[in-house]
Every structure is written in structure tokens, then in C-alpha cells.
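One point on numbering: in the working numbering, the residue at position 107 of the sequence shown is 142, and numbering is uninterrupted. Every residue, glycine too, gets a C-beta built ideally from N, C-alpha and C. Source: prediction; values computed, not measured. Let me begin by presenting the structure, written as C-alpha cells, before commenting on it.
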Amino acid sequence: MRETFSSSSGFALAAIGSAVGLGNMWRFSYLTAEYGGAAFLVLYIALTVFVGIPVLLAELSVGRGAGKGPIDAMKHFGGKRWSLLGVLFVVTGFLILSYYSVVAGWTARYGWESLVGSLPDNPASHFEQISQGIPAIIWHLGFMAITVTIVASGIRKGIERTSLIMMPILFLVVLGIAFYGSTLDGAASGYRYYLDLNWKAALRVEVFTAAAGPAFFSLSLGMGAILTYASYLKKEESITRHALVIAVADFGVAFLAGLMVFPLIFALGLSTQIIGTVGTENDVGSIGALFITLPEAFKAMGSSGYWIGTLFFLALSLGALTSAISILEVNVTSAMELLSWSRKKAALLSGALISLVGLAPAWRIEILGIMDALAGNIFLVVGGFALSLFVGWKSIESIRNVDLSPRLRMIWIWLIRVPVPIVLSVVTFYSVMNL
Ligand code: PHE
Numbered sequence: 036m037r038e039t040f041s042s043s044s045g046f047a048l049a050a051i052g053s054a055v056g057l058g059n060m061w062r063f064s065y066l067t068a069e070y071g072g073a074a075f076l077v078l079y080i081a082l083t084v085f086v087g088i089p090v091l092l093a094e095l096s097v098g099r100g101a102g103k104g105p106i107d108a109m110k111h112f113g114g115k116r117w118s119l120l121g122v123l124f125v126v127t128g129f130l131i132l133s134y135y136s137v138v139a140g141w142t143a144r145y146g147w148e149s150l151v152g153s154l155p156d157n158p159a160s161h162f163e164q165i166s167q168g169i170p171a172i173i174w175h176l177g178f179m180a181i182t183v184t185i186v187a188s189g190i191r192k193g194i195e196r197t198s199l200i201m202m203p204i205l206f207l208v209v210l211g212i213a214f215y216g217s218t219l220d221g222a223a224s225g226y227r228y229y230l231d232l233n234w235k236a237a238l239r240v241e242v243f244t245a246a247a248g249p250a251f252f253s254l255s256l257g258m259g260a261i262l263t264y265a266s267y268l269k270k271e272e273s274i275t276r277h278a279l280v281i282a283v284a285d286f287g288v289a290f291l292a293g294l295m296v297f298p299l300i301f302a303l304g305l306s307t308q309i310i311g312t313v314g315t316e317n318d319v320g321s322i323g324a325l326f327i328t329l330p331e332a333f334k335a336m337g338s339s340g341y342w343i344g345t346l347f348f349l350a351l352s353l354g355a356l357t358s359a360i361s362i363l364e365v366n367v368t369s370a371m372e373l374l375s376w377s378r379k380k381a382a383l384l385s386g387a388l389i390s391l392v393g394l395a396p397a398w399r400i401e402i403l404g405i406m407d408a409l410a411g412n413i414f415l416v417v418g419g420f421a422l423s424l425f426v427g428w429k430s431i432e433s434i435r436n437v438d439l440s441p442r443l444r445m446i447w448i449w450l451i452r453v454p455v456p457i458v459l460s461v462v463t464f465y466s467v468m469n470l
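What follows is the structure, given as C-alpha cells:
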């Protein structure tokens with residue numbers, strides 16, 4: 036018998052755990068600040084509602100309906116040729132995890148350094164030292180080892196249990212720090228920088244296309260992570276309700292992350308370091324700026340900074356971990372099904388292979404940037420595009436699970452048939468041109 040998540044909340048927290056991760060905490064708030072504040076939020080919400088949620092529903096339905104991982108699920112509904120889309124999902128997940136765990140490794144290291152009180156005096160050169168080469172490799176391998184251990188322990192004992200413990204901690208910490216931030220002197224200018232309404236900055240094609248990739252990444256769409264989790268979901272659960280809960284929680288944490296980060300930075304007068312770093316050609320630069328600016332803020336805050344910094348990086352590491360296990364699960368489920376491996380063997384071997392490939396992005400940050408631009412942006416959008424064509428036009432059978440009212444269902448099907456693929460192909464075109 037195939038395992039299932041034991042409870043509705045267990046599944047919900049695991050799927051939210053997949054969605055909430057580094058994408059929410061690092062990328063979202065800076066994109067918002069850069070691209071028009073509240074105006075960008077409107078755009079992002081529209082993308083989530085009209086593109087993200089429809090694809091989310093599609094993944095949930097295909098996964099639950101087939102009760103199989105991506106390759107077998109696509110084969111189940113679409114025959115041999117469509118199983119290639121499942122292969123694309125697996126490859127994308129493989130590549131994303133190989134560099135995601137490098138960034139997660141930096142994060143965990145910062146958490147550790149805050150805890151033992153050894154955050155450096157010069158964060159910029161410290162980041163340069165630890166983000167590449169041997170130090171990055173060591174933390175990458177450590178992070179992968181934990182990820183493999185959890186996934187090897189199974190859906191209930193590994194993934195569900197981990198998410199049930201870690202996600203509430205993450206929510207509490209994020210809420211707590213955002214609240215603390217609101218009491219600081221710089222809070223108002225931080226919020227203003229974050230949310231200042233600027234329609235001119237938001238209403239541009241580049242912004243639209245720059246937002247779509249991160250929206251997909253943040254919702255864990257386009258590579259079968261949600262599909263795979265849904266294949267372990269009990270038949271009586273409502274897919275629609277889960278889709279809404281996942282999307283709202285994902286957006287909520289992303290939004291809160293901005294409310295937590297900017298007041299801290301502005302309270303300490305460090306704002307000049309971040310303005311103009313995001314959305315320029317090299318987005319990895321913005322990740323770096325965050326690993327540099329925030330630690331500096333924590334350091335400058337003295338003893339409260341010690342706690343805030345430690346909790347902040349702890350929450351971020353937990354978010355990264357619950358996302359990483361969902362990505363590894365795509366590979367593990369597929370290896371178990373295709374090669375009839377045991378879960379332990381599948382987790383160990385695919386984890387080892389991913390760790391090996393991850394040596395490259397750990398070695399050089401430029402490689403990490405390229406992998407993110409390809410797998411973390413373009414492949415996801417292409418995967419979502421192909422999946423919407425599939426469920427919209429090829430296999431109505433695959434979306435029987437979607438428990439919407441007849442009217443909403445019709446709207447959803449037409450969204451996924453025409454506007455969603457059009458939007459995603461335009462986005463792909465722009466991203467390829469911008470490579
Ligand atoms: N959604 C995760 C984040 O925001 C990353 C992720 C992408 C997880 C794709 C699974 C699949 O960090």
C-alpha cells in the first residue's frame with residue numbers, strides 16, 4: 036500500500052513548507068521594493084490568482100488522481116510521450132536542489148554563527164569567503180545530509196512530522212520579528228521603501244515577466260513538487276481548499292518577510308546598501324547584499340540583535356529545509372517507482388548525486404546564478420506551460436479531482452486553456468531573451 040499523509044493539516048503544512056522558503060524571505064520583498072511597492076503587490080497577487088492557483092490546482096489534481104510521482108502520473112493520464120514532461124520535472128528539481136542547498140548552507144551557517152556569537156565584523160568579506168569554495172561545499176553537504184535523512188524516514192515519519200514541528204516555529208518567528216520591527220524608529224521609512232505605491236515602476240512588461248518566475252518558484256510550481264506531495268494525499272481531501280490555503284500562506288509569509296526585513300535595515304541606517312542592488316542584471320548580487328546587510332544590522336543592534344539574528348536565520352533555515360525535502364521527494368518518489376528502489380536507497384543515491392552536482396554552484400557563485408536563471412526560472416515556467424496545455428486540452432480526465440462548483444470550474448478550465456499558456460509563453464520568451 037502506498038503511504039499517505041496522516042492528516043489534512045499534515046499535508047497542508049508539508050505543502051506550505053514546500054512553498055515557504057528562501058524564495059519568500061529573500062527574493063519577494065526586494066522585488067516588491069524595487070518594482071513599485073504596493074503596485075507590484077497588486078500585480079503579484081493577480082499573477083498568483085490567475086496563473087499560480089490554476090496551475091497549483093492542476094498539479095494537485097494530476098498528482099492525487101494518479102497517485103503516482105510525476106513521470107508515472109503523466110504516463111498514467113497522457114501516455115508515453117507525456118511522461119517526458121515528468122522527466123523535465125525531475126531534472127528541474129534535481130538542478131534546483133543542487134544549488135538551493137548551497138544557499139541553504141550559507142543560511143544555516145549564519146544561523147550557527149549568530150547563535151555562538153561569531154557573526155563577523157566585516158560581513159562583506161565574510162560573505163565572500165563563505166559563499167564559495169570549500170566552506171560553501173561543507174555546509175552544502177551538511178544540509179543535504181539532513182534533507183536526505185528526513186526524506187529517507189518516509190512521508191509520515193519524515194516529511195509530515197518535520198513540517199508539523201518546523202512550520203509553526205517559522206510562523207511564530209516571522210510574526211514575532213515583524214512585530215518587533217514595527218516598534219523600531221526606522222519602521223515607517225522601512226515600510227515606505229517596501230510598499231510605496233509606484234504604478235509607473237510596476238506597469239512594465241519586464242516587471243510582469245520578472246514577477247512570474249519568482250511567483251512560480253515561490254509556490255513550488257512547475258517541477259512536480261506539489262504534484263508529488265498530492266500523490267500521497269487521501270482521496271477524501273478537498274483539493275480546492277488546499278490550493279487556497281497553500282497560496283494564501285505562501286503569500287502571507289512573503290509579505291510578512293518584507294515587513295520584518297525593511298524596518299530592521301532602516302532602523303539602523305543601512306538602507307543605502309540595498310537600494311539599487313536588486314533587479315539589476317545579477318540577482319545573486321541581491322542575495323549577497325542581504326547576507327551582508329542584515330548581519331550588519333543584527334550586529335549593530337547589540338544584544339537584541341543577537342536574538343533577532345539567531346531566530347531570523349533559524350526560521351530561514353527551517354523554511355529552506357522544508358522546501359528542500361519537497362524537492363528531493365520528487366526525485367525519490369520517481370526513483371522508487373521507476374527503478375523499484377526502496378525509499379532509503381532512493382533517498383541516499385539521489386541525494387548523493389544531487390550533492391555531487393551541487394559542488395559546482397558551491398564552488399562558484401556565477402554557476403549558481405546561471406543554474407537559478409535556467410532551472411529556477413525558465414524551466415519552471417516551461418513546465419507550468421506544458422502542464423496547463425496538458426490538463427486543459429489533452430486530458431480532462433486528469434482534472435476530475437478538482438472540486439470546484441460547475442461555474443468556477445468552467446472559468447478555471449478556460450483560464451488554464453488559453454490565458455495561462457499565453458502568459459507563460461510570453462514570460463518564457465522574455466526570460467530567454469534576457470539570458
Ligand atoms: N518554494 C520554495 C521557496 O520559495 C522553493 C521551491 C521551488 C521548492 C520549487 C520546491 C519546488 O523557496
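Exercise for the section: Please confirm if the stretch 188-206 is in contact with the stretch 357-364, defined as three or more CB-CB distances below 8 Å between the two stretches. Expected result: Yes: the two stretches touch, three or more of their Cβ pairs being nearer than 8 Å.
Practice task
Answer yes or no: the CB of Met179 versus the heavy atoms of the ligand PHE, is any distance below 7 Å?
Solution key: Met179 has its CB no nearer than 7 Å to any heavy atom of the ligand PHE.
Handout entry: Under the three-state DSSP convention, the category Lys269 falls into
Key = It is coil, neither helix nor strand.
Exercise for the section: Run the proximity test for Met258: is its beta-carbon closer than 7 Å to any non-hydrogen atom belonging to the ligand PHE? Expected result: Yes; taking the cut-off as 7 Å, the Cβ of Met258 has a heavy atom of the ligand PHE nearer than that.
Exercise for the section: Answer yes or no: the CB of Ser53 versus the heavy atoms of the ligand HEM, is any distance below 7 Å? Expected result: Looking at this structure, you won't find the ligand HEM anywhere; what it does contain is the ligand PHE.
Problem - Counted within 10 angstroms of its Cβ, other Cβ atoms place Ser62 as buried (16 or more) or exposed - result: One point to set straight first is that residue 62 is Arg, not Ser, in the sequence displayed. Buried, by the Cβ-count rule.
Problem - Given 8 Å, three or more beta-carbon pairs between the stretch 219-231 and the stretch 67-79 - result: Enough Cβ pairs lie closer than 8 Å, so yes.
Problem - Length of the line joining the Cα atoms of Pro454 and Gly87 - result: Approximately 12 Å between the Cα atoms of the pair.
Handout entry: Whole-Å CB distance - Thr127 paired with Gly337, under 8 Å assumed
Key = In fact, because the Cβ distance is near 43 Å, the residues do not count as touching under 8 Å.
Exercise for the section: Assign Met201 to one of three DSSP states: helix, strand, or coil. Expected result: Of the three classes helix, strand and coil, the one that applies to Met201 here is helix, per DSSP.
Exercise for the section: Alpha carbon to alpha carbon, how far is His175 from Tyr134? Give it in angstroms, no decimals. Expected result: In this structure, the CA atom of Tyr134 is about 9 Å from the CA atom of His175.
Handout entry: Asp407, enclosing alpha helix (DSSP H) - first and last residue
Key = Where Asp407 is concerned, the enclosing alpha helix (DSSP H) stretches over 400-408.
Practice task
Express the C-alpha separation of Arg191 and Asp318 in angstroms, rounding to a whole number.
Solution key: Because Asp318 carries a pLDDT of 45, less than 50, the predicted location of this residue cannot be relied on, and the following value inherits that uncertainty. Cα to Cα, Asp318 sits roughly 36 Å from Arg191.
Handout entry: Closer than 7 Å: Ile194 CB and nearest the ligand PHE heavy atom
Key = False, no ligand heavy atom lies under 7 Å from that Cβ.
Handout entry: Delimiting residues of the alpha helix (DSSP H) encompassing Val416
Key = Per DSSP, Val416 belongs to the alpha helix (DSSP H) from 415-424.
Practice task
Report the option in Ile400, Trp376, Leu254, His277 whose CA atom is closest to the CA atom of Glu163.
Solution key: Of the candidates Ile400, Trp376, Leu254, His277, the one whose C-alpha sits nearest the C-alpha of Glu163 is Ile400.
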